[in-house]
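Protein chains: 2
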Amino acid sequence: MTIIESVPNFSEGRRAEVIAAIADAVRRSGPARILDLSSDADHNRSVLTLAGDTGGIRAAILALVTACVEHIDLSVHRGRHPRMGAVDVIPLVPVRGVSLQDCARLAAAIGEEIGRRFQIPVYLYEAAATADHRRDLAAIRKGEFEGFPAKIRDPLWKPDFGPDRVHPTAGCVAVGAREFLIAYNINLATGDVEVARRIARAIRHSSGGLRYVKAMGVMLEARALAQVSINMTDFRSTPLHRVFEMVRSEAARYGTTIVGSEIVGLVPEEALLQAADFYLRLEGFEPGRVLERRLEESALPAVSPSVRPSPRDGESS
Amino acid sequence: MTIIESVPNFSEGRRAEVIAAIADAVRRSGPARILDLSSDADHNRSVLTLAGDTGGIRAAILALVTACVEHIDLSVHRGRHPRMGAVDVIPLVPVRGVSLQDCARLAAAIGEEIGRRFQIPVYLYEAAATADHRRDLAAIRKGEFEGFPAKIRDPLWKPDFGPDRVHPTAGCVAVGAREFLIAYNINLATGDVEVARRIARAIRHSSGGLRYVKAMGVMLEARALAQVSINMTDFRSTPLHRVFEMVRSEAARYGTTIVGSEIVGLVPEEALLQAADFYLRLEGFEPGRVLERRLEESALPAVSPSVRPSPRDGESS
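Line by line, the protein sequences give chains B and Y. Anchor point for the first sequence: position 160 equals 162 in this note's numbering, and the numbering is continuous, going up by one each time. Anchor point for the second sequence: position 290 equals 292 in this note's numbering, and the numbering is continuous, going up by one each time.
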């Protein structure tokens, strides 16, 4: 089974009936599922979490763009979050049975279709980017909707697909591919936020730590304890348990310990199986040994009546 | 989603065409899936691992019984493993969204139907047993096919369903419900099997250890190391990580360590999530946070345009 996640952000976070109409259009598009919908009135922006296979995700995104073009007019949109389009950004994320490169190719295919069908300029970003200066979403979005009529004339910012002029009401859109992002927080048995900040500096990539870790130290006032707040940007390369163990080791150096950790939002099964595999020191484990996954992918094994040890004859007395 | 596992054992492990015909009948019965099929010529016995929902499992088992009655004649069957029926034993195991008691009720319903339709005496065992002396499968099976014409006349061994006489070719069958059994081995950094035996005695229920643990110490000659070989009979009550940690602690007392552990056969996702939860000290974790599980069970959340923190707006710059 192939699972792709997509977390499109669209520029409406206030009008309940519009948000509902857009979500409805996505829901009716086919087999992809809506896992979450978060709207923020201050940002005037909503974040939809979708999952499905290649065809389902593609149909859902095209339905989303259709509905947003119909309902959102960016020329009158105000909100605190930077934005350049009615559908602002569409990331594609490999979850299972699909690679980051597959998602980058799908981003290009979907971007091409959006440019052609809706006459919206499309920028490919992150793993789908066509040039280094376009990898970073913030760099693409800089100037926002209001600044894009000028920016789009710069040859450096010619769109990857669609016309060379901003759509009057729908703006532009960024479509990209990236790894699954896990928001992961580790709580310390200390009220000293400086300890959390030092640990964050030790573990994060930007100051010499683990490659796919972003981190900062914050104070959880309600619980009077300090927290290392982490974004894991590629859990397959930098797994949860490695971060946990590094924080444990750094915390000991300050005479404190880990109280607990928390995963914000959803987490792919594989990230937790990695941890079980590590701590139980499993030999030869692979996810196909999980009953539920075998059930999904099951096919009758070739019948072989030759003697082989019964792997799980629970009834043998 | 409801998942029940069933691991029926049937009395044919040599004739490939018969085994294939029986497996085919099960496969054509409906939505239940065959996860594994192991045949042992010495035992002259096969073990089928099935999974599905209530209706699928019921249809698969009835198809299995039909095919075994047709193809197997126990009056000419020889093999090393004790057996009393063409279909010898049918355990039902709760995996997800279903309780042990649900499986016990299903065992009774399936047992009733087997007794009535096939005129085979049926004994309910383990969690489905109707009397304490019938809980244990070995006690029921004692005497085997050849001894049953006498045993069945004893009022203590009157069948739960079906006639009071043994089926001439299909014998009798035991249908029961039990928890999922995990075969779990822990390998030690020592070649001294006595250490593994002592650890096995420390952790197993029969000699004062954990309630749902059976264990013995064995020598892995090929790797020249000792192993604690474990059957976990209820991983929800006695989880893997607790056994692992107890073995680690006992091993340290003998100056040795754990080299690795292995899960034989399949394992329910929940057993590994328990371990990840324990070692990562997760706060407020529940399996619904796993993306794949949310995808299975997804429904659109109520649209609420009120301000709430975006749980995973990975695109916010």
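Think of the CB as a built atom: it goes at the ideal place given N, C-alpha and C, for glycine as much as any other residue. Here the structure is a predicted model, which is why all the values come from computation and not from measurement.
message = Quick check: Y/Ile184 and Y/Ile260, are their CB atoms within less than 7 Å of each other?
response = With a cutoff of 7 Å on beta-carbon distance, Y/Ile184 and Y/Ile260 are scored as not near each other.
ask   = Is it buried or exposed for B/Ala34, if we count other Cβ within 10 angstroms and need 16 for buried?
value = B/Ala34 is buried by the Cβ-count criterion.
task = State the DSSP-derived secondary structure class of Y/His169, mapped to helix, strand or coil.
result = If DSSP states are grouped into helix, strand and coil, Y/His169 belongs with the strands.
query = For B/His207 versus B/Arg199, is the C-beta spacing smaller than 7 Å?
reply = Their beta carbons are not under 7 Å apart, which means B/His207 does not touch B/Arg199 by this criterion.
query = So, does the CB of Y/Val230 fall closer than 7 Å to a CB anywhere in chain B?
reply = Closer than 7 Å: no.
Burial state of Y/Glu271, where buried means 16 or more other Cβ atoms lie within 10 Å = With 16 or more Cβ atoms within 10 Å of its Cβ, Y/Glu271 is classed as buried.
request  = Return the chain-ordered list of same chain residues with a C-beta closer than 7 Å to the C-beta of B/Asp162, the five sequence neighbours on each side being excluded.
outcome  = The answer, listed in chain order, is Gly113, Val124, Tyr125, Leu126, Thr132.
ask   = chain B partners of Y/Val292, CB-CB under 8 Å?
value = Ordered by position in chain B, the residues that pass the 8 Å Cβ test against Y/Val292 are Leu268, Val269, Pro270, Glu271, Leu274.
task = Would you verify that the beta carbon of Y/Gly262 is, or is not, closer than 7 Å to some beta carbon of chain B?
result = Y/Gly262 has a beta carbon lying within less than 7 Å of a beta carbon in chain B.
task = Assuming Y/Leu1 contacts B/Ile265 (C-beta within less than 8 Å), just tell me the rounded distance between them.
result = With chain Y represented from 3 up to 319, any question about residue 1 of chain Y goes unanswered, as that position is not in the structure.
query = Looking at the C-beta of B/Arg238, does it have a partner C-beta in chain A at a distance below 7 Å?
reply = In the structure shown, chain A does not exist; the protein chains are B and Y.
query = Who are the near neighbours of Y/Leu76 in its chain, counting only those whose CB is closer than 7 Å to its CB and skipping five residues on each side?
reply = Counting only residues of its own chain and dropping the five nearest sequence neighbours on each side, Y/Leu76 has a CB closer than 7 Å to the CB of Ser13, Gly87, Ala88, Phe147, Thr171, Ala172, Gly173.
inquiry  = Helix, strand or coil for B/Arg30? Go by DSSP, reduced to three states.
reply    = Coil at B/Arg30, not helix or strand.
task = Please name the residue or residues paired with B/Thr51 in a DSSP beta bridge.
result = In DSSP, B/Thr51 forms a bridge with B/Asp38.
Cα-Cα separation, B/Leu227 to B/Thr192 = A direct Cα-to-Cα measurement between B/Leu227 and B/Thr192 gives close to 5 Å.
message = Can you confirm whether B/Leu50, when its beta carbon is compared against all beta carbons of chain Y, has any partner nearer than 7 Å?
response = Chain Y contact via Cβ: absent.
ask   = When burial is assigned at 16 or more other CB atoms within 10 Å of the CB, is Y/Leu282 buried or exposed?
value = That one is buried.
key: contact_flag[the segment 153 to 162 of chain B, the segment 55 to 64 of chain B] where n(CB pairs < 8 Å) is 3 or more   = With a cut-off of 8 Å, the segment 55 to 64 of chain B and the segment 153 to 162 of chain B do not count as touching, because too few Cβ pairs lie within range.
ask   = How many Å lie between Y/Val100 and Y/Arg47 at the Cα?
value = Those two C-alpha atoms are separated by around 29 Å.
query = Taking only runs of the beta strand (DSSP E) that begin and end inside the segment 192 to 272 of chain B, which ones reach a length of at least 3 residues, in chain order?
reply = Runs of the beta strand (DSSP E) lying entirely within the segment 192 to 272 of chain B and spanning at least 3 residues, in chain order: 215 to 222, 227 to 234, 260 to 266.
task = Drop a sphere of 10 angstroms on the beta-carbon of Y/Val175, count the other beta-carbons inside from all chains shown, and report buried for 16 or more, exposed for fewer.
result = Burial call: buried.
request  = Measure the alpha-carbon distance for B/Gly58 versus B/Val49 and round it to whole angstroms.
outcome  = Using only the alpha carbons, I get a separation of about 18 Å.
message = Per DSSP, what are the beta-bridge partners of Y/Val175 in this structure?
response = DSSP output for Y/Val175 lists Y/Val124 as bridge partner(s).
message = On the criterion of 16 or more Cβ atoms from any shown chain inside 10 Å, does B/Val78 qualify as buried, or is it exposed?
response = Here B/Val78 is exposed, its C-beta having fewer than 16 other C-beta atoms within 10 Å.
task = Give the residues from the segment 96 to 115 of chain B that approach chain Y closer than 8 Å (Cβ to any Cβ), ordered along the chain.
result = With the criterion set as a beta carbon lying under 8 Å from some beta carbon of chain Y, the members of the segment 96 to 115 of chain B are Val97, Arg98, in sequence order.
task = Could you round the C-beta distance between B/Leu275 and Y/Leu274 to whole angstroms and report it? I think they count as a contact, below 8 Å.
result = Confirmed, Cβ separation roughly 6 Å.
ask   = Any C-beta of chain B sitting closer than 7 Å to the C-beta of Y/Phe246?
value = At least one CB of chain B lies nearer than 7 Å to the CB of Y/Phe246.
For B/Phe287, the three-state DSSP class (helix, strand or coil) = Coil.
key: Same chain, Cβ closer than 8 Å to Y/Ala27, neighbours up to 5 away in sequence not counted   = Contacts found: Ala65, Leu66, Thr68, Ala69.
query = If we count the other Cβ atoms within 10 Å of its Cβ and call it buried at 16 or more, is B/His83 buried or exposed?
reply = B/His83 comes out buried.
query = Where B/Gly149 and B/Arg255 are concerned, what is the direct C-alpha to C-alpha distance, given to the nearest angstrom?
reply = The straight-line gap from Cα to Cα measures roughly 49 Å.
message = Suppose contacts are defined by Cβ-Cβ distances below 7 Å. Is B/Glu196 in contact with B/Val97 by that definition?
response = No, the Cβ-Cβ distance between B/Glu196 and B/Val97 is not below 7 Å.
query = Can you tell me the Cα-Cα spacing of Y/Asn11 and B/Phe287, whole angstroms?
reply = The straight-line gap from Cα to Cα measures roughly 26 Å.
task = Work out the CA separation of Y/Ala179 and B/Pro289 for me, nearest whole Å.
result = Using only the alpha carbons, I get a separation of about 27 Å.
task = Say whether chain B places a C-beta atom closer than 7 Å to the C-beta of Y/Ala277.
result = Taking a beta-carbon distance threshold of 7 Å, Y/Ala277 counts as an interface residue toward chain B.
query = Below 7 Å between beta carbons: does that hold for Y/Ala109 and Y/Val177?
reply = Cβ distance < 7 Å, so Y/Ala109 and Y/Val177 count as in contact.
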